[in-house]
Structures are given as structure tokens and as C-alpha cells.
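Quick note, the sequences are listed as chains A and B, same order.
Take 0 as the starting number for the first sequence in numbering that gives the first Met the number 0 and just add one per residue.
Take 0 as the starting number for the second sequence in numbering that gives the first Met the number 0 and just add one per residue.
Beta carbons are placed, not taken as given, at the ideal position from N, Cα and C, and that holds for glycine.
Okay, structure first, notes after.
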Amino acid sequence: MAKDISIKMRTDNFNAYYGKKHALQNVSTEIQANKVVAFIGPSGCGKSTYLRSMNRMNDLIEGFHIDGTIEIDGLNIYDKEVDVVQLRNRIGMVFQKSIPFPKSIYENVAFGLRLNGKRSKSEMDGIIEESLKRSALWEEIKDRLQDSAMGLSGGQQQRLCIARAIAVNPEILLMDEPCSALDPISTAKIEELIAELKKDYTIIIVTHNMQQAARVSDFTGFFYMGNMVEFDRTRTIFTSPSKKETEDYITGRFG
Amino acid sequence: MASELPSTLTKRTIRWGEWLAETAIKVVAGTSVLLILLIFIFVFREAAGLFSGKTIESENARHTTSATSDNKPEEYNPDAGADSTSTAPSEESTSPDVYNPEIEEIISPSESTTSAPVEIPAEKRTIWENLMSNVWQPVGENPKFGMQSLFIGTAKATFIAVLISAPLGILAAVYSAFFAKKWLREIIKPTVEILAGFPSVVVGFFCLMIVASLMQSLFGTEYRLNALVGGFGLAVAIIPIIFTITDDALTSVPKSYREASLALGASEWETAFKVMLPAALPGVFAAVLLGVGRAFGETMIALMATGNAAIVSASFTEPVRTLAATIGAEMGEVIWGSLHYNILFFLGIVLFIISFCINLVTELYVKKKLTKKFQGG
Chain A
0 MAKDISIKMR TDNFNAYYGK KHALQNVSTE IQANKVVAFI GPSGCGKSTY
50 LRSMNRMNDL IEGFHIDGTI EIDGLNIYDK EVDVVQLRNR IGMVFQKSIP
100 FPKSIYENVA FGLRLNGKRS KSEMDGIIEE SLKRSALWEE IKDRLQDSAM
150 GLSGGQQQRL CIARAIAVNP EILLMDEPCS ALDPISTAKI EELIAELKKD
200 YTIIIVTHNM QQAARVSDFT GFFYMGNMVE FDRTRTIFTS PSKKETEDYI
250 TGRFG
Chain B
0 MASELPSTLT KRTIRWGEWL AETAIKVVAG TSVLLILLIF IFVFREAAGL
50 FSGKTIESEN ARHTTSATSD NKPEEYNPDA GADSTSTAPS EESTSPDVYN
100 PEIEEIISPS ESTTSAPVEI PAEKRTIWEN LMSNVWQPVG ENPKFGMQSL
150 FIGTAKATFI AVLISAPLGI LAAVYSAFFA KKWLREIIKP TVEILAGFPS
200 VVVGFFCLMI VASLMQSLFG TEYRLNALVG GFGLAVAIIP IIFTITDDAL
250 TSVPKSYREA SLALGASEWE TAFKVMLPAA LPGVFAAVLL GVGRAFGETM
300 IALMATGNAA IVSASFTEPV RTLAATIGAE MGEVIWGSLH YNILFFLGIV
350 LFIISFCINL VTELYVKKKL TKKFQGG
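Take a look at the structure:
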């Protein structure tokens, strides 16, 4: 077993720019393996930018550039040698809006698997069933795997996206406000899921919902104006934050 | 209580300007619908002669006996250009040596003289048997209206055109939508769209003069103008259609699909072909079928580049004659009201029905089944 305090991801003096806009300023964190880390902060504070820098999704945005490093298991992901496709294979991502592809439920989960070489039908079936079970969707849809994923409810679609992301067995799961479009029941299901999934994955979640951050995360980072104001154990952040801004935000005295 | 409402609420005012504008829009819309309807009615009426039990014999008889009858058009003078001496619109007055200078056929007996009936070996076949045969010789003692060769010619030319243009158009659209740099895309898209408005006669001329020679020297074909050259010309005409509509379909696929796919570790290539293209499938099909429709009905390019020989053959290097080109070539010199004239309109109806069926099949079958197949039930 890996050591409990093994560092999965280390960020060192990371700066991100959209054109001239300095979106992230000197962010440094250490994220431990098999923990849930939540990033909170007001809109436009840079938390999503940071999350999307971790699997280099920001590369798609014109004018985006960075300096500093993000290391995963000691490897700088912004190194010239790094294959972005391989990187994204190791880092799953769930978006704010559930985005099932217009394919069948089965094909949605199979999508990532098919990208990574051939597998036998039975092996595929096994992985897909396993992924759907782990995303707590299996019982609801096991009889209609070949139906279009577009016919699922919002909460089911989001869990399908999680199943799709974990089917390829990533090491890290990034979640960008995964529950913001969901009702409380679906949200509760996904939060349970997060608690379940952290046994195997390192989960990094961006949320606007502070209760959610408090409920699901082991560590919490507070972003404000492109700065990581505070990063600590969730209990510490929510009970005795060391910075005034953090306290103001958490207690709702902010802006 | 009503009396206490402010007078501006209770008094209905008629806004004359708006009423006028609305009425004008309604009239314009109604007119265009009516126009299309009238065109259909006209085309069907002109083809109706076929259904009235006309036969070759009665046709020949009609022409030989109706020399003096006055059922001739007043304005329509098909030979005005070719025969300047003919001032009367009477079909019988057309001088035989200038009539129909392009198609080397035996001059129709009905035109050869206004005197005594000519002895013709009247065919015993009904008009339907005639239509279903495979020889197209509309002018002659024994006119043959075998549509088979025209159908085969149209199918061959269209098939080649789609075979060339569908992959090119779709791949070009994929490139422009997902791979091209922004500035490049801003050049490619308008350029191809301009091509869509290119006069088909220019494309036809280009094929006739340059492509035909080039292909002949490349493939050493026996005939200079053939199905391949014609199909290529049609392809040039429909690539922009397929490109533009496919591009629109691809760019209207939500950007989030691309992000989701890339985030799962798919390459740009895999994203384009496994996520975006399947998601845009109904649009891509619409694009290809519109292209098919255009190739089907395209007249000028087919007329200029296919060689226009009504041959029944499976070879792509032999000349073909398409339905549309036949109408285009022969309508100008056909005898008004004759069987041939009816049949040309009938060809028009056939063209209409086929393109209608293509659209119907797309709407009812292709979209549902294929969408289901590629996107899940």
C-alpha cells in the first residue's frame, strides 16, 4: 500500500493567463492521493481555471498560457514531452453540465475503452457493468443499456458521465461543479458516490456549494481573485480559518 | 368596473401600418406557394396527354390529319431561332432540313410534308411498352421513347458525382470545422460557398474543354465525353452544397461534446470522427441527399459533359444521357402538343417524383433508423 501521505499532485508557483488577463497567480498546493479536495470561491476567482489546467483542457482556449509547474507523480504535465492524450487518459473529468454523447448508454461508457485498444466483448461488458455499478446507475438502467443516453434524467446523465470517466480507470478525477444543475436527491447520490470513489481515486472538485465542500472533502482550497488564499484540511478551513477573507466568504459576509 | 378602465385600454385601435404590412407578407407568401402549385399543375397537365391513351399510331395519324386543324399554340414557336423563315407557329410548316440540326435522326414524318399521309409501319406497342423499352429515339418514323437508357444514364452520372463529392465534401467540412486554423477556415468556407453559386454552364464548359481531354489522356477512354466526365462535372457542382451543409451541421454540434471527448483522452481525430460526425449525422445525410437531388436535376453540366448518348451499358467510360439533359436538349425543338412533348413533361414529373421520394425516404426512414443506429434508441 502506498503511504497515506503520498503526494499525488504538486503545484509550484503556477500562473495562468488568458491573453493578458492574469487568471491564476502563484498557486502552490500539494494534493495527497486518495483524498477529496474541494476548491471554493466566488465566480471568476480562478478555481475552474486551476482545475482545467490539471488536464490541460485550457490548451484549447486561444491565448491561454502558463508558467510554473503542475507535477503528477513527479512528472511535470506541461513538459514538452508529455502526450496530452495520454495525460487526459490518466485524469478523468466530469463537467458542470452533463454531456452524454448522443449514443446508447452502453456506447457512452464504452467510448473511452474503445479509444484504448481492443478488448473482448465480455471484458467490455464487465468493465461497463462495473463502472455503472460504481456510479450507482446500474440498477436503474441495466435493462436499457442500448437506449439513447439522451433519454436519461439530468442526475442519471451526470452519473453516466462519471461512469464514463471512471471506466478508463483514471488516477485522478476532476469534477467541475458536478452538481450545480442537479436536484438535491441527485446531488446526494453523487456526493455518496464521491465518498465511495475516493478509495480508488484522487478527487478534485470545484463547487459553489460550501456545504457540499464541507460534506465531501478532506481538504479545501479557497480561491479569491486568482489567488489561492488558503489551503488546509476542510475541518480547519470551516472552523478556524487563518485568513480573514476565508472566514468572510464562508460565513457569507462576502461581497 | 369596465367603465373605470382607462379609455386607452377599452378602445381598440386598429394599427393600419401593421395591418398593411401583415397583409402584404401574407400576399407575397401566398403568391409564391400558388406559383409553385401552378407550375406543378402545368407540368402535370402537359404530361396528361400520355394518360389519355395516345398510341404511336394515333399520334402519327393525328399529325398527318391535323395539318389544317387549328389546335396550335399562338405564341409558342419552338423553331423560331433555328428557322427564321418560319413565321407561322404551325409545326407542319417547319422546313425539315433545318429542323432538329443536332440530333441526327430520321425526320419525323409528321413534319416532312403537309401532303398526303405517309405510310408508316405503325408500331403495335402501347405507349407504356414503348416507355419501358431501352431505345431513346424520340424523332423518327417510329419514335422510340425507351426511358431505360435515360434512367441508367442519370443513375450512372449521379452515382459517380456522389461517389466523388460526398467523401470530398464531408472530409473538407470536417477539416474546416475541427482542424483548420481560424484564419484558414475564414478563407475556405466563403470560397467554397462562392463555388456553390458558380454558373453551371461555366462548370460544364470547363469539363467539356479541359477535364474531358485530361481524362481521356489519363485513362485513354474511347469516348471523350462520358459518364465519368459528366459525373465529375456534377460533383464540382454539388461539393459546395455537401460541404456547406455538413459544415453547418458539424459546427452546430455542441462544443461541450468536443471537450468531453478530449477530456476522456480522445485525440482530435477520434473526437471528430467518433463523436462530432456521428452527432451531426442527420445533417450530413441531408447534405448528401440534397447533393443527390441537385446532381439528379442538374441540366447544363449534364448536357455539356456527358456526351448525351442514350446507351444502356454498365460502363462508366461510355457516354450517358440524363433525364434532365434530355428535357433541356429536346424541349427547345419539340413539336408542341405532340407525344414527344408530353413525354418530355412526363420525364419532368418522373424527376419530381424521384426527388420527392428521396426526400420522403430521408425524412421517414434514414433519419430515424440511422440516427438510432449511430446515436442509440
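| Check | Outcome |
| --- | --- |
| Proximity to G347 (chain B) [Cα-Cα], best of B:M330, B:E362 and B:N358 | B:M330 |
| CB contact below 8 Å: V274 (chain B) versus chain A | yes |
| Residue ranges of each alpha helix (DSSP H) within the stretch 214-273 of chain B, 4 or longer | 226-250 and 254-262 |
| Beta carbon proximity, A32 (chain A) to chain B, threshold 8 Å | no |
| is_contact[G327 (chain B), chain A] using C-beta, thresh 8 Å | no |
| CA-to-CA distance, S314 (chain B) to G203 (chain B), given in whole angstroms | 21 Å |
| Start-to-end residues for the alpha helix (DSSP H) that takes in M131 (chain B) | I126 to M131 |
| Interfacial residues, the stretch 158-170 of chain A to chain B, with Cβ spacing under 8 Å | C160, R163, A164 and V167 |
| Paired residues, beta bridge with F221 (chain A) - DSSP | A:I39 and A:E229 |
| Proximal residues of chain A, C-beta to C-beta of S255 (chain B) below 8 Å | F94, K96 and I98 |
| Candidates B:T22, B:F144, B:L36 and B:V319: closest to N341 (chain B) by CA position | B:F144 |
| Residue-level contact to chain B via CB, N88 (chain A), 8 Å cutoff | yes |
| Assigned secondary structure, A179 (chain B) (DSSP; H/G/I helix, E/B strand, else coil) | coil |
| Alpha-carbon spacing of P108 (chain B) relative to F344 (chain B), whole angstroms | Its pLDDT being 44, under 50, P108 (chain B) is placed unreliably by the model, and the measurement read from it follows with that caveat. Rounded to the nearest angstrom, the two C-alpha atoms are 22 Å apart. |
| Residues that S266 (chain B) contacts on chain A, provided the C-beta gap is smaller than 7 Å | V84 |
| Reference M214 (chain B); option with closest CA among B:T316, B:L261 and B:L359 | B:T316 |
| Under 9 Å (Cβ pairs) to chain B, residues found in the stretch 108-141 of chain A | F110, G111, R113, L114 and N115 |
| V319 (chain B) - partner residues in DSSP beta bridges | B:G306 |
| First and last residue of the uninterrupted beta strand (DSSP E) at K7 (chain A) | I6 to Y17 |
| N12 (chain A) vs H21 (chain A) beta-carbon contact at 8 Å | no |
| T10 (chain A) beta carbon near the ligand NAP (any heavy atom closer than 7 Å) | This structure lacks the ligand NAP; in fact it carries no ligand of any kind. |
| As assigned by DSSP and simplified to three states, the class of F100 (chain A) | coil |
| L196 (chain A) beta carbon less than 8 Å from that of L172 (chain A) | yes |
| At least 3 beta-carbon pairs within less than 8 Å: the stretch 319-334 of chain B vs the stretch 146-157 of chain B | yes |
| Proximal residues of chain A, C-beta to C-beta of A262 (chain B) below 7 Å | N54, M56, R87 and M92 |
| Length of the line joining the Cα atoms of V26 (chain A) and A271 (chain B) | 34 Å |
| Integer Cβ distance of G230 (chain B) from I310 (chain B), believed to fall under 8 Å | Actually they are not in contact, since the Cβ atoms of G230 (chain B) and I310 (chain B) sit about 15 Å apart, beyond 8 Å. |
| Cβ shell of E74 (chain B) (< 6 Å), same chain only, five flanking positions each side left out | For E74 (chain B), the predicted model reports a pLDDT of 47, less than 50, meaning its position is unreliable and no value from the coordinates is stated. |
| C-alpha distance - T243 (chain B) paired with A172 (chain B), whole-angstrom precision | 7 Å |
| Beta-carbon gap between V199 (chain B) and E297 (chain B) smaller than 8 Å | For clarity, residue 199 (chain B) is Ser in the given sequence; the question names Val instead. Yes, the pair counts as a contact, with Cβ atoms nearer than the cut-off. |
| Identity of the residue in A:I65, A:N33 and A:R234 nearest S52 (chain A) by Cα | A:I65 |
| Alpha helix (DSSP H) segment containing G153 (chain A), residue limits | G153 to A166 |
| Proximity test, Cβ basis, 8 Å: P313 (chain A) and chain B | Since the displayed chain A opens at 0 and closes at 254, residue 313 (chain A) lies outside it and no answer follows. |
| Coil, strand or helix - W335 (chain B) by DSSP | coil |
| Chain C within 8 Å of P41 (chain A), Cβ atoms only | No chain C is part of this structure, whose protein chains are labelled A and B. |
| Closer than 8 Å to chain B by CB, P177 (chain A) | no |
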